[in-house]
Structure formats: structure tokens, C-alpha cells
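Number of protein chains: 2
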Amino acid sequence: MSKVGRVVNRLAERAARAVRCCTPPAPSRLGPEAAACCAHLFRALADETRLQILGLLAAAREALCVCDIEANFALSQPTISHHLKVLREAGLVRAERRGLWVYYSLDRQGLAAVVEFGSALD
Amino acid sequence: MSKVGRVVNRLAERAARAVRCCTPPAPSRLGPEAAACCAHLFRALADETRLQILGLLAAAREALCVCDIEANFALSQPTISHHLKVLREAGLVRAERRGLWVYYSLDRQGLAAVVEFGSALD
DNA sequence: CACCTGTATAGACGAACGTCAATATACTTC
DNA sequence: GAAGTATATTGACGTTCGTCTATACAGGTG
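Protein chains in written order, with the working numbering: chain A, 4 to 125; chain B, 4 to 125.
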């Protein structure tokens, strides 16, 4: 059976089961689209190296060039570049070119989103 | 060459490069052990389904049994059980057995950790 | 212009993850 | 204790992720 078919079957089966076991359904506080957006953000934070990069940028309190960041890890340059890209696309850091170097700094907006999420569910 | 060998080589090479390009090294605000711990937490949040489960529990403002949670998703029972386990082990939800059912509720401590992280880097 | 240096991208590979069907476990009821 | 229901665990499979090497691109310098 197709995947869609299986899903439909499962939902129909649930609808048929008239008696709910305990509490009535409550509308989630996090819609599917909001959840997808937050998941993208948290996926960027779900790696030890990326968290340490954020820690470095926070401690520096100023922009750092890639080679400075790279110097703190026993990882190849492309790997660091990859992590920076993930952080950038999640809105957690910003990049700025200065001549030959690219400087990265924290993007407070992304961090604010993290705090917001935690507070919203509380 | 072994992985360790490669890493050692890379570090030695960096030490040899006497001239740093721009800023002096700053101690990270997030040690390796703290980063690993936070990464574990965020990995649990890095999935759309798990975020929606948290949203459900937050909206309910009371414990929900697994079948109630399950009813909100087109996913198999073992899959939901798996997600609940991940959330449990991250300290984001708590489980409590009541007769035949297991009730899940938010664990504010885990959520507080998320907020703390966001604030700490700011 | 040719060359060098810093950063990004492409492609490959193994590990980890989300999902499922099948099965086991925990508890209740007859 | 046998049967039924709610939840957890196991093992398999395809996908995503982190890492690497090799290479491309961008911006300086002779």
C-alpha cells in the first residue's frame, strides 16, 4: 500500500474509535509551520562544534574571521566553513567580508528566537 | 594515516604558523562539556514532530496519555513512543504511569535550560 | 597578468536519525 | 491465569548529517 494510503487508513481507524481514553483534544500551541521553522533553528544548534563556535563569538564580543574560529578546533577548514553556513542560514550568525577575510558575528535575532520558544511553552 | 595522526599534524601545523591573522584567541563561553550537554538538548528539539508534541503538552496544561498524543499525528505508535523517549531523556518531558496508561507532561526544567542558553550567549 | 592566501563549494563515505512492522512488556479484567 | 489493551523495545531500511579531500572562487600583491 502507498504511504498516503497507510496514513489515510490510520486516520480513518482513529475516527472510527469513538471512545477517547481520557482528555479531549487540545489545539497545539505550535502549528506545523511554526514547528518546522523552529526545528530548523534547533537543528543548527544540535551540534557540539556549532555551539562552541557560538560560544567563541559570544566571548569575543566582536566579529571573528574564519581562520580565528578554525584555530580553536581540530577540524578541517571546509568543515568549519560548512558549520558557519548552517549557522548563517539559521539566522544565528552574520558574515561580513573585509578584504581577503570574512568576519562572523552573533546574530542576536536568532538567539532571541531560542529564548522566545522556551518562554512560549512555559 | 590514522585519524589521530591527522589531527596531531593539523594542530602542529597551526602552532608553527606563528603569525595570527587578526585577533588574539578568546576563551570560549561554552566549554566542550557544556556544549555536548546543550547539543543533546537541542538535538531533542531538532524534530518537527517532537516540537509539536511539546506544543500539545503546553496547550493542555496537564498531563496527556500517549494515545491522546498519538491521535494528533499520522505516525505509528512505536514512532511516537520513540519521540517521547527522546524528549524524556533530554529532560523536556516527564512520564508517569496511571494504571494501564502512561501520562506525559512538560518538564519546565528542560525548557528553562533552553532559555538559559539563549540568554547566556547574549 | 601571474601568483598567493583566505574562504566556499562539490562529491564521497560512514555514522546517526526517523520511520515502520513485528514483538515484548505492563497492567487490567473476566 | 487467560485474554485484552496501552505502551515500549527490537531490528530493518532509506535519508540526513558531519567529516574529509579535492577543487573552485575571491581578493590581495608582485
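Think of the CB as a built atom: it goes at the ideal place given N, C-alpha and C, for glycine as much as any other residue.
_Identity of the residue in A:118, A:124, A:83 and A:41 nearest residue 51 of chain A by Cα_ = Nearest of A:118, A:124, A:83 and A:41 to residue 51 of chain A, Cα basis: A:83.
*Pick from A:71, A:95 and A:79: whose alpha carbon is nearest that of residue 49 of chain A?*
Ranking the options by Cα distance to residue 49 of chain A, first place goes to A:95.
*Identify whether residue 21 of chain A lies in helix, strand or coil by the three-state DSSP scheme.*
For residue 21 of chain A, the pLDDT reaches just 32, beneath the cut-off of 50, and the residue's location in the model is therefore unreliable, although a value from the coordinates is still provided. Residue 21 of chain A falls in the coil class under three-state DSSP.
*asked:* Rounded to the nearest angstrom, what separates residue 53 of chain A and residue 78 of chain A at their Cα positions?
replied: One alpha carbon belongs to residue 53 of chain A, the other to residue 78 of chain A, and they sit about 12 angstroms apart.
_Distance between beta carbons of residue 67 of chain A and residue 60 of chain A, contact taken as under 8 angstroms_ = A Cβ-Cβ distance of about 6 angstroms is found for the pair residue 60 of chain A and residue 67 of chain A, placing them in contact under the 8 angstroms criterion.
*Which stretch, first to last residue, makes up the alpha helix (DSSP H) that contains residue 116 of chain B?*
Taken as a continuous stretch (DSSP letters only), the alpha helix (DSSP H) holding residue 116 of chain B covers 111–123.
*N- and C-terminal bounds of the alpha helix (DSSP H) containing residue 51 of chain B*: That run of the alpha helix (DSSP H) goes 51–63.
*Please compile the residues from chain A whose C-beta is within a distance smaller than 7 angstroms of the C-beta of residue 42 of chain B.*
Under the 7 angstroms cutoff, chain A gives 49, 50, 51 and 54.
*Is any beta-carbon of chain A found at less than 8 angstroms from that of residue 118 of chain B?*
Yes, residue 118 of chain B lies at the interface with chain A (some Cβ there is under 8 angstroms from its Cβ).
*Supposed close pair residue 55 of chain B, residue 35 of chain A - CB separation, criterion 8 angstroms*: Right, their Cβ atoms sit about 7 angstroms apart.
*If you count every other CB in all the chains shown that lies within 10 Å of the CB of residue 122 of chain B, and 16 or more means buried, which is it?*
The C-beta of residue 122 of chain B has fewer than 16 other C-beta atoms within 10 Å across all chains shown, which makes the residue exposed.
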